[in-house]
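Trainee:
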Amino acid sequence: MSDLVVIVYPTEAKAEEVRQRLFELQKQYLISLNDAVIATKTETGKIKLNQIVNTTLAGAASGSFWGLLIGVIFLNPLLGVAVGAASGAIGGALTDAGINDAFMKELANNLQPGNGALFLLIQTMTADKILKEIQGYGGTVLKTSLDETKEQSLREALDQAAAAA
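Shown next as C-alpha coordinates:
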(Lines of atoms letter the chains of each structure in order from A and count residues from 1; the text may use other names and numbers.)
(Lines give C-alpha, C1' and ligand atoms only; values in the text may rest on other atoms or scores of the structure.)
Protein backbone atom coordinates (compact mmCIF):
# COMPACT_ATOMS: atom_id res chain seq x y z
CA MET A 1 0.00 0.00 0.00
CA SER A 2 1.27 3.45 -0.89
CA ASP A 3 0.99 6.65 1.15
CA LEU A 4 0.19 10.06 -0.28
CA VAL A 5 2.02 13.11 1.09
CA VAL A 6 1.51 16.67 -0.17
CA ILE A 7 3.91 19.38 1.04
CA VAL A 8 3.67 23.03 0.01
CA TYR A 9 6.85 25.06 -0.48
CA PRO A 10 7.17 28.83 -1.03
CA THR A 11 8.54 28.35 -4.56
CA GLU A 12 8.52 25.75 -7.31
CA ALA A 13 12.34 25.74 -7.19
CA LYS A 14 12.33 24.71 -3.51
CA ALA A 15 9.84 21.90 -4.25
CA GLU A 16 12.07 20.72 -7.12
CA GLU A 17 15.11 20.79 -4.82
CA VAL A 18 13.32 18.51 -2.34
CA ARG A 19 12.14 16.21 -5.13
CA GLN A 20 15.72 15.85 -6.42
CA ARG A 21 16.95 15.11 -2.88
CA LEU A 22 14.30 12.39 -2.55
CA PHE A 23 15.44 10.88 -5.86
CA GLU A 24 18.97 10.71 -4.43
CA LEU A 25 17.64 9.02 -1.29
CA GLN A 26 15.75 6.58 -3.49
CA LYS A 27 19.09 5.50 -4.99
CA GLN A 28 20.21 4.76 -1.42
CA TYR A 29 17.08 2.61 -0.89
CA LEU A 30 15.78 4.85 1.92
CA ILE A 31 12.56 5.62 0.07
CA SER A 32 10.63 4.09 -2.81
CA LEU A 33 8.51 6.57 -4.77
CA ASN A 34 5.72 5.57 -7.14
CA ASP A 35 5.20 9.17 -8.24
CA ALA A 36 6.56 12.65 -7.46
CA VAL A 37 4.76 15.61 -9.06
CA ILE A 38 5.11 19.35 -8.49
CA ALA A 39 1.99 21.47 -8.92
CA THR A 40 2.10 25.25 -9.22
CA LYS A 41 -0.49 27.94 -9.67
CA THR A 42 0.27 30.82 -12.03
CA GLU A 43 -0.73 34.44 -11.45
CA THR A 44 -3.68 33.89 -13.80
CA GLY A 45 -4.88 30.93 -11.69
CA LYS A 46 -3.87 28.20 -14.12
CA ILE A 47 -2.59 24.97 -12.51
CA LYS A 48 0.61 23.48 -13.97
CA LEU A 49 1.74 19.91 -13.19
CA ASN A 50 5.44 19.09 -13.51
CA GLN A 51 5.47 15.29 -13.76
CA ILE A 52 8.55 13.07 -13.90
CA VAL A 53 7.26 10.94 -16.78
CA ASN A 54 5.76 12.38 -19.95
CA THR A 55 3.36 9.60 -20.93
CA THR A 56 2.56 11.23 -24.29
CA LEU A 57 6.22 11.27 -25.33
CA ALA A 58 6.83 7.74 -24.05
CA GLY A 59 3.75 6.48 -25.91
CA ALA A 60 4.88 8.17 -29.15
CA ALA A 61 8.33 6.59 -28.91
CA SER A 62 6.93 3.14 -28.22
CA GLY A 63 4.32 3.52 -30.96
CA SER A 64 7.00 4.60 -33.47
CA PHE A 65 9.00 1.46 -32.80
CA TRP A 66 6.04 -0.87 -33.18
CA GLY A 67 4.78 1.07 -36.20
CA LEU A 68 8.20 0.79 -37.86
CA LEU A 69 8.28 -2.94 -37.19
CA ILE A 70 4.80 -3.46 -38.65
CA GLY A 71 5.62 -1.09 -41.53
CA VAL A 72 8.72 -3.11 -42.43
CA ILE A 73 6.64 -6.27 -42.50
CA PHE A 74 4.08 -4.68 -44.84
CA LEU A 75 6.74 -2.82 -46.91
CA ASN A 76 5.74 0.70 -45.85
CA PRO A 77 7.94 1.67 -42.87
CA LEU A 78 7.32 5.45 -43.06
CA LEU A 79 3.57 5.06 -42.86
CA GLY A 80 4.02 2.54 -40.05
CA VAL A 81 6.16 4.97 -38.02
CA ALA A 82 3.68 7.81 -38.52
CA VAL A 83 0.64 5.76 -37.58
CA GLY A 84 2.47 4.11 -34.68
CA ALA A 85 3.70 7.42 -33.27
CA ALA A 86 0.26 9.00 -33.51
CA SER A 87 -1.53 6.09 -31.88
CA GLY A 88 1.18 5.76 -29.22
CA ALA A 89 0.96 9.48 -28.38
CA ILE A 90 -2.82 9.29 -28.08
CA GLY A 91 -2.57 6.22 -25.86
CA GLY A 92 0.12 7.86 -23.72
CA ALA A 93 -1.91 11.04 -23.31
CA LEU A 94 -4.89 9.03 -22.11
CA THR A 95 -2.80 7.04 -19.63
CA ASP A 96 -2.67 8.39 -16.08
CA ALA A 97 -0.14 6.54 -13.97
CA GLY A 98 0.47 7.41 -10.34
CA ILE A 99 -1.44 10.22 -8.66
CA ASN A 100 -4.67 11.28 -10.32
CA ASP A 101 -4.20 14.56 -12.23
CA ALA A 102 -7.69 15.87 -11.42
CA PHE A 103 -7.06 15.31 -7.70
CA MET A 104 -3.74 17.21 -7.87
CA LYS A 105 -5.31 20.12 -9.75
CA GLU A 106 -8.17 20.30 -7.24
CA LEU A 107 -5.77 20.50 -4.28
CA ALA A 108 -3.46 22.92 -6.11
CA ASN A 109 -6.36 25.38 -6.46
CA ASN A 110 -5.76 26.22 -2.78
CA LEU A 111 -2.17 27.32 -3.47
CA GLN A 112 -0.97 30.90 -3.54
CA PRO A 113 0.46 31.86 -6.95
CA GLY A 114 4.16 30.99 -7.09
CA ASN A 115 4.00 28.28 -4.43
CA GLY A 116 4.99 24.72 -5.31
CA ALA A 117 3.13 21.68 -3.95
CA LEU A 118 5.14 18.46 -3.96
CA PHE A 119 2.85 15.43 -4.35
CA LEU A 120 4.54 12.19 -3.32
CA LEU A 121 3.19 8.68 -3.65
CA ILE A 122 5.45 6.72 -1.31
CA GLN A 123 5.58 2.95 -1.51
CA THR A 124 8.05 2.46 1.35
CA MET A 125 10.41 4.64 3.36
CA THR A 126 12.71 4.70 6.34
CA ALA A 127 10.77 7.49 8.02
CA ASP A 128 13.30 8.71 10.59
CA LYS A 129 16.10 9.06 8.02
CA ILE A 130 13.87 10.71 5.43
CA LEU A 131 12.56 13.23 7.97
CA LYS A 132 16.11 14.19 8.93
CA GLU A 133 16.95 14.74 5.27
CA ILE A 134 13.97 16.93 4.33
CA GLN A 135 13.32 18.84 7.55
CA GLY A 136 15.85 21.53 6.64
CA TYR A 137 13.81 22.51 3.58
CA GLY A 138 10.76 23.56 5.58
CA GLY A 139 7.39 23.37 3.91
CA THR A 140 3.83 22.92 5.11
CA VAL A 141 1.94 19.62 5.05
CA LEU A 142 -1.22 20.07 3.01
CA LYS A 143 -2.51 16.49 3.01
CA THR A 144 -1.34 12.96 3.86
CA SER A 145 -2.66 9.45 4.09
CA LEU A 146 -0.12 8.62 6.80
CA ASP A 147 -1.25 7.40 10.19
CA GLU A 148 -1.56 10.09 12.87
CA THR A 149 1.83 9.51 14.54
CA LYS A 150 3.77 9.59 11.27
CA GLU A 151 1.86 12.65 10.09
CA GLN A 152 2.55 14.44 13.37
CA SER A 153 6.27 13.58 13.11
CA LEU A 154 6.36 15.00 9.59
CA ARG A 155 4.58 18.20 10.63
CA GLU A 156 6.92 18.68 13.61
CA ALA A 157 10.05 18.14 11.50
CA LEU A 158 8.92 20.70 8.91
CA ASP A 159 7.79 23.16 11.59
CA GLN A 160 11.26 23.03 13.23
CA ALA A 161 12.82 24.23 9.99
CA ALA A 162 10.30 27.05 9.73
CA ALA A 163 10.96 28.10 13.34
CA ALA A 164 14.73 28.08 12.75
CA ALA A 165 14.30 30.38 9.72
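Each residue of the sequence shown is one higher than the one before, counting from 1 in UniProt numbering.
All C-beta atoms, glycine included, are put in the ideal place defined by N, C-alpha and C.
Quick caveat: nothing in here was measured; it's all calculated off a predicted structure.
1) When you compare only the Cα positions, how much space is there between Asp96 and Thr149?
2) Compare the C-alpha of Leu33 against each of Thr44, Ser153, Gln51, Glu43 and name the closest.
3) Sort Gln26, Val6, Ala39 by Cα distance to Glu12 and report the nearest one.
4) Nearest to Gly114 by CA position, among Ala15, Arg155, Glu24, Lys27, is which residue?
5) What residue range is occupied by the uninterrupted alpha helix (DSSP H) comprising Lys14?
6) Taking C-alpha atoms, which residue in Phe103, Thr42, Glu43 lies nearest to Val5?
7) With DSSP as the reference, please indicate the residues paired to Met125 in a beta bridge.
8) Out of Leu111, Ser153, Leu107, which one is the CA nearest neighbour of Thr42?
9) Would you mind working out which of Asp101, Gln123, Gln152, Leu154 sits nearest Ser2, comparing C-alpha positions?
10) If we ignore side chains and look at the alpha-carbon of each, how far apart do Ile99 and Ala36 end up?
Mentor: Let me spell this out:
1) By 1-based counting over the sequence shown, the position of residue 96 is 96. By 1-based counting over the sequence shown, the position of residue 149 is 149. The predicted model places Asp96 with a pLDDT of 48, which falls under 50 and marks its position as unreliable, so this point remains unresolved.
2) The count along the sequence shown starts at 1 and reaches residue 33 at position 33. Cα-wise, what sits closest to Leu33 is Gln51.
3) As a position in the sequence shown, residue 12 is number 12, starting the count at 1. Ranked by how close their Cα comes to the Cα of Glu12, the residues Gln26, Val6, Ala39 have Ala39 in first place.
4) Stepping through the sequence shown from its first residue, residue 114 is reached at position 114. Taking only the C-alpha atoms, the option nearest Gly114 is Ala15.
5) As a position in the sequence shown, residue 14 is number 14, starting the count at 1. First-last of the alpha helix (DSSP H) with Lys14: 12-27.
6) As a first step, residue 5 must be located in the sequence shown, where it is residue number 5. Ranking Phe103, Thr42, Glu43 by Cα distance to Val5 puts Phe103 first.
7) The count along the sequence shown starts at 1 and reaches residue 125 at position 125. Answer by DSSP bridge pairing, in chain order: Ile31.
8) Numbered from 1 along the sequence shown, position 42 holds the residue referred to as residue 42. Out of Leu111, Ser153, Leu107, Leu111 has the C-alpha closest to the C-alpha of Thr42.
9) As a first step, residue 2 must be located in the sequence shown, where it is residue number 2. When only C-alpha atoms are compared, the closest one is Gln123.
10) Sequence index remark: in the sequence shown, residue 99 carries index 99 (1-based). Sequence index remark: in the sequence shown, residue 36 carries index 36 (1-based). Cα to Cα, the separation comes out at about 8 Å.
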